[in-house]
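K.L.:
What follows is a single structure, and I will ask about it in a moment.
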Amino acid sequence: MKNLFIILLAVIIASCGNAKKSKEGKQAEINITAAGATFPLPFYNLAFKTYQQKTGATITYGGIGSGGGIRSLKDKIVDFGGSDAFLSDKEMQEMPAQVIHIPTCMGAVVMAYNLPDIKDLKLSGEIVADIYLGKITRWNDKRIQDLNQGITLPDQAINPVYRSDGSGTTYVFSDYLTKISKEWETNIGTGKSLKWPTGLAAKGNPGVAGTINQTPGAIGYVGSEYAFALNMPMAQMQNSAGNFITPTTESISAAANGEMPADTRTMITNPSAPEAYPISCFTWIILYQEQAYADRTLEQAKGTIELLKWMLSPEAQALTVKVHYSPLPQAAVANAQQLIKSVTYNGQAIQ
Amino acid sequence: MRDKIFKRILVGCCILILLVCAGMVYSLISGSLSAFQHYGFFNFICSSEWDPHPDREVYGALSFIVGTLLTSFLALLFCIPFSLPVALFTGAYFRGKKIATFISSIIDLLAGIPSIVYGLWGFYTFRPLIIELGLNSQGFGILTSSIILAIMIIPYASSLSGEFISMVPNELKEAAYSLGGTRLDVIRTVTLPNAGSGIFASYILALGRALGETMAVTMLIGNTNNLPTSLSDTGNTMASIIANQFGEADGLKLSSLIAIGLLLFGITAIINLIAKFIIKKFNG
Numbered sequence: 082m083k084n085l086f087i088i089l090l091a092v093i094i095a096s097c098g099n100a101k102k103s104k105e106g107k108q109a110e111i112n113i114t115a116a117g118a119t120f121p122l123p124f125y126n127l128a129f130k131t132y133q134q135k136t137g138a139t140i141t142y143g144g145i146g147s148g149g150g151i152r153s154l155k156d157k158i159v160d161f162g163g164s165d166a167f168l169s170d171k172e173m174q175e176m177p178a179q180v181i182h183i184p185t186c187m188g189a190v191v192m193a194y195n196l197p198d199i200k201d202l203k204l205s206g207e208i209v210a211d212i213y214l215g216k217i218t219r220w221n222d223k224r225i226q227d228l229n230q231g232i233t234l235p236d237q238a239i240n241p242v243y244r245s246d247g248s249g250t251t252y253v254f255s256d257y258l259t260k261i262s263k264e265w266e267t268n269i270g271t272g273k274s275l276k277w278p279t280g281l282a283a284k285g286n287p288g289v290a291g292t293i294n295q296t297p298g299a300i301g302y303v304g305s306e307y308a309f310a311l312n313m314p315m316a317q318m319q320n321s322a323g324n325f326i327t328p329t330t331e332s333i334s335a336a337a338n339g340e341m342p343a344d345t346r347t348m349i350t351n352p353s354a355p356e357a358y359p360i361s362c363f364t365w366i367i368l369y370q371e372q373a374y375a376d377r378t379l380e381q382a383k384g385t386i387e388l389l390k391w392m393l394s395p396e397a398q399a400l401t402v403k404v405h406y407s408p409l410p411q412a413a414v415a416n417a418q419q420l421i422k423s424v425t426y427n428g429q430a431i432q
Numbered sequence: 014m015r016d017k018i019f020k021r022i023l024v025g026c027c028i029l030i031l032l033v034c035a036g037m038v039y040s041l042i043s044g045s046l047s048a049f050q051h052y053g054f055f056n057f058i059c060s061s062e063w064d065p066h067p068d069r070e071v072y073g074a075l076s077f078i079v080g081t082l083l084t085s086f087l088a089l090l091f092c093i094p095f096s097l098p099v100a101l102f103t104g105a106y107f108r109g110k111k112i113a114t115f116i117s118s119i120i121d122l123l124a125g126i127p128s129i130v131y132g133l134w135g136f137y138t139f140r141p142l143i144i145e146l147g148l149n150s151q152g153f154g155i156l157t158s159s160i161i162l163a164i165m166i167i168p169y170a171s172s173l174s175g176e177f178i179s180m181v182p183n184e185l186k187e188a189a190y191s192l193g194g195t196r197l198d199v200i201r202t203v204t205l206p207n208a209g210s211g212i213f214a215s216y217i218l219a220l221g222r223a224l225g226e227t228m229a230v231t232m233l234i235g236n237t238n239n240l241p242t243s244l245s246d247t248g249n250t251m252a253s254i255i256a257n258q259f260g261e262a263d264g265l266k267l268s269s270l271i272a273i274g275l276l277l278f279g280i281t282a283i284i285n286l287i288a289k290f291i292i293k294k295f296n297g
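As they're listed, the protein sequences go chains A and B. For the first sequence, the numbering used here assigns the number 82 to the initial residue and increments by one for each residue that follows. For the second sequence, the numbering used here assigns the number 14 to the initial residue and increments by one for each residue that follows.
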């Protein structure tokens, strides 16, 4: 009992010491609040924690979904919002003020499957679209077999799995299929949740991954960060150059090597780069260009900008691969840095 | 003086709860208005179309209403053969005996298990069994979730109906025995008719619990937004579509989800009122 008391006391003293130390830090009073997409959450957790240890600024990021992040930004209760989908022109107009999009890292959507005897499955966008449209129903379908010479595919039903909750992963996946298949575009389209003609649904990446693992013959789309961490079997996808690409951090980053608009609002699915994985995506931090809103101080605005600048630095980008994301290519970083320079406080450039 | 203060506090607390309830109903109604106005109340209830495509945006609640009612009533059906014997065992045959207390406390334990645990068990243990039996190729569906639901509501049905069975006056039973009736005769002609409405009410309450169950069902029903045509079909329920979709929903979709919430609230309220009414009649 006495020991316990001493330990408790030691912990309290130690934590007081910590608090004091962090107060001496440069930006001790900076307290950044943000909310949004859950897809980049593991990366943000790691990056913000590292930044916190470096500078002492406190960052709270709530993983409430992209939609929730944008709503919070609209209500001006956060310093920035996280989103897996960029705002459309219409959505930009609905925001109370001009916003900018800063990409922070890259990820991808991978096709995970459950066929115990099959390694190195090769698929194309057309085939994936037809599986989810219910037009290809068996694994030994001639079109899949033709892509996979040298492997005997089983005569087994395909169980496509999709996300039951609204999700940025679904958005990226359907954006890719919309570009690939005319029929997909007219019947199903692009969105965070869709009207699926066939298949099973499960909640979140863990739900989809678990359902694939438990269901023989299943195929499903999973966030790359999740699939890499779990080491799930995933298909090589044929890109627009005709190459079959295994999803890796390099092949995902390669997808953003092409042309990029100055405001970074672009979907990079089905890119032209020959070594690029075709279902790759950015995730963005969205913030107001004019930082003087809702009683925010100049220090708060500066703290936010400092954080974003650091997120684009090589140090932070190197953290992406540790949690199975991909770093931004140089072109995207340059665009994002240019955008950060455009941020103002009361009309004055912050830098 | 102290009595007065105490009384005021009590009144205040009761009013507060009423206000919270009224506020909930108000926000549900105001949130769902735009969906009802856009699609029309009956059209919304009777349409099974759920298409979030931005150019079309059609939302109807029928497939979820059917999914909810189908799973709940099936669960009720499946739970009767287990909960009724348990109720008779603890309330009539072994009333007051140690074994009865033991069994009823084990059964009550089932009620205390969080529904996510049922979901996990269903997902990892029960679903492979369904696949093994060849009922369908992926193991999800109306049948799987109804069976799990049935296990979940057994304690609600059995403990309450056990109470009602043990409340049957001893004089009646003794009279029946004295006329030479066997145990079965007594249960058939005295106990069950006497406790009948109470037993019925306890099943209605169990049904109310099944209607609102979210987590375990969402993990096992397959979450496909179609009208189920057979027991092995996948489907979706009102509670699970809300749990799945509210995070990224806005505009008309959010309003439709709130409208489904209002409908679910209405259905469970009606079921509970019916049960209350029957219990009151029985006691009166």
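We put the beta carbon where it would ideally sit given N, CA and C, even for glycine.
Out of A:Pro-241, A:Val-242, A:Lys-273, A:Asp-246, which has the shortest C-alpha to C-alpha gap to Asp-256 (chain A)?
P.N.:
Asp-256 (chain A) has its Cα closest to that of A:Lys-273, out of A:Pro-241, A:Val-242, A:Lys-273, A:Asp-246.
K.L.:
Kindly confirm or deny that the stretch 207-219 of chain A and the stretch 197-212 of chain B touch, where touching means at least three C-beta pairs closer than 8 Å.
P.N.:
They do not touch, by the three-pair rule.
K.L.:
What does the alpha-carbon distance come out to for the pair Glu-306 (chain A) and Thr-345 (chain A)?
P.N.:
For Glu-306 (chain A) and Thr-345 (chain A), the distance between alpha carbons rounds to 22 Å.
K.L.:
Please name the residue or residues paired with Cys-362 (chain A) in a DSSP beta bridge.
P.N.:
In the DSSP output, where bridge partners are listed per residue, Cys-362 (chain A) has A:Gly-188.
K.L.:
Quick check on the burial criterion: 16 or more other C-beta atoms within 10 angstroms. Buried or exposed for Leu-146 (chain B)?
P.N.:
It is exposed - the Cβ of Leu-146 (chain B) has fewer than 16 other Cβ atoms within 10 Å.
K.L.:
Is Asn-112 (chain A) helix, strand or coil by DSSP?
P.N.:
Residue state, collapsed to three classes: strand.
K.L.:
Among A:Ile-145, A:Asp-211, A:Ala-336, which residue has its Cα nearest to the Cα of Ala-118 (chain A)?
P.N.:
When each option's Cα is compared against that of Ala-118 (chain A), the closest is A:Ile-145.
K.L.:
Which residue from A:Ala-283, A:Gly-270, A:Ile-151, A:Gln-370 puts its Cα closest to that of Val-242 (chain A)?
P.N.:
The shortest C-alpha separation from Val-242 (chain A) is found at A:Ala-283.
K.L.:
Among the candidates B:Ile-42, B:Tyr-190, B:Gly-194, B:Leu-205, whose CA atom is the shortest distance from the CA of Phe-177 (chain B)?
P.N.:
Checked all of B:Ile-42, B:Tyr-190, B:Gly-194, B:Leu-205; the closest Cα to Phe-177 (chain B) is B:Leu-205.
K.L.:
May I have a chain-ordered list of the alpha helix (DSSP H) segments no shorter than 4 residues that lie completely inside the stretch 204-242 of chain A?
P.N.:
Runs of the alpha helix (DSSP H) inside the stretch 204-242 of chain A: 206-213, 223-228.
K.L.:
Leu-156 (chain B) lies in the alpha helix (DSSP H); which residues open and close that run?
P.N.:
155-179 is the extent of the alpha helix (DSSP H) around Leu-156 (chain B).
K.L.:
Within 7 Å (strictly less), CB to CB, does Asp-156 (chain A) reach chain B?
P.N.:
By this cut-off, Asp-156 (chain A) is not an interface position.
K.L.:
Would you say Lys-273 (chain A) faces chain B, with C-beta separation under 7 Å as the test?
P.N.:
Interface residue, yes.
K.L.:
Measure from the C-beta of Asn-56 (chain B) to each C-beta in chain A and report whether the shortest distance is under 7 Å.
P.N.:
By this cut-off, Asn-56 (chain B) is not an interface position.
K.L.:
In whole angstroms, give me the CA-to-CA distance for Tyr-72 (chain B) and Arg-244 (chain A).
P.N.:
Roughly 18 Å separates the two Cα atoms.
K.L.:
List the residues of chain A whose Cβ lies closer than 9 Å to the Cβ of Ser-158 (chain B), in chain order.
P.N.:
Going along chain A, no residue has its Cβ under 9 Å from Ser-158 (chain B), so there is no contact; the nearest lies around 13 Å.
K.L.:
Could you give the residue range of the alpha helix (DSSP H) that holds Phe-139 (chain B)?
P.N.:
No alpha helix (DSSP H) contains Phe-139 (chain B), which DSSP labels as neither H nor E.
K.L.:
The alpha helix (DSSP H) spanning Leu-192 (chain B) covers which residue range?
P.N.:
Note, Leu-192 (chain B): premise wrong, no alpha helix (DSSP H); not H, not E.
K.L.:
Assign Cys-27 (chain B) to buried or exposed, taking buried as 16 or more other Cβ atoms, counted over all protein chains shown, within 10 Å of its Cβ.
P.N.:
The residue is exposed, with fewer than 16 neighbouring Cβ atoms inside 10 Å.
K.L.:
Could you pull the start and end residues of the alpha helix (DSSP H) that Ser-164 (chain A) belongs to?
P.N.:
Here Ser-164 (chain A) belongs to no alpha helix (DSSP H); instead the beta strand (DSSP E) covers 161-164.
K.L.:
Using a beta-carbon distance below 7 Å, is Gln-50 (chain B) in contact with chain A?
P.N.:
No, Gln-50 (chain B) does not count as interfacial toward chain A.
K.L.:
Taking just the CA atoms, how far does Ala-290 (chain A) sit from Leu-133 (chain B)?
P.N.:
Straight-line Cα distance between these residues: approximately 14 Å.
K.L.:
Counting C-beta neighbours from all protein chains within 10 Å, is the total for Glu-105 (chain A) 16 or more, i.e. buried, or is it exposed?
P.N.:
Here the model assigns Glu-105 (chain A) a pLDDT of 44, short of 50, so the residue's position is not dependable and the matter cannot be decided.
K.L.:
Using 7 Å as the limit for Cβ to Cβ distance, is Asn-257 (chain B) near chain A?
P.N.:
True, the Cβ-Cβ gap to chain A drops below 7 Å.
K.L.:
Please name the residue, chosen from A:Thr-185, A:Phe-167, A:Ile-151, that lies closest to Met-392 (chain A) on a Cα-to-Cα basis.
P.N.:
Measuring from the Cα of Met-392 (chain A), the nearest candidate turns out to be A:Thr-185.
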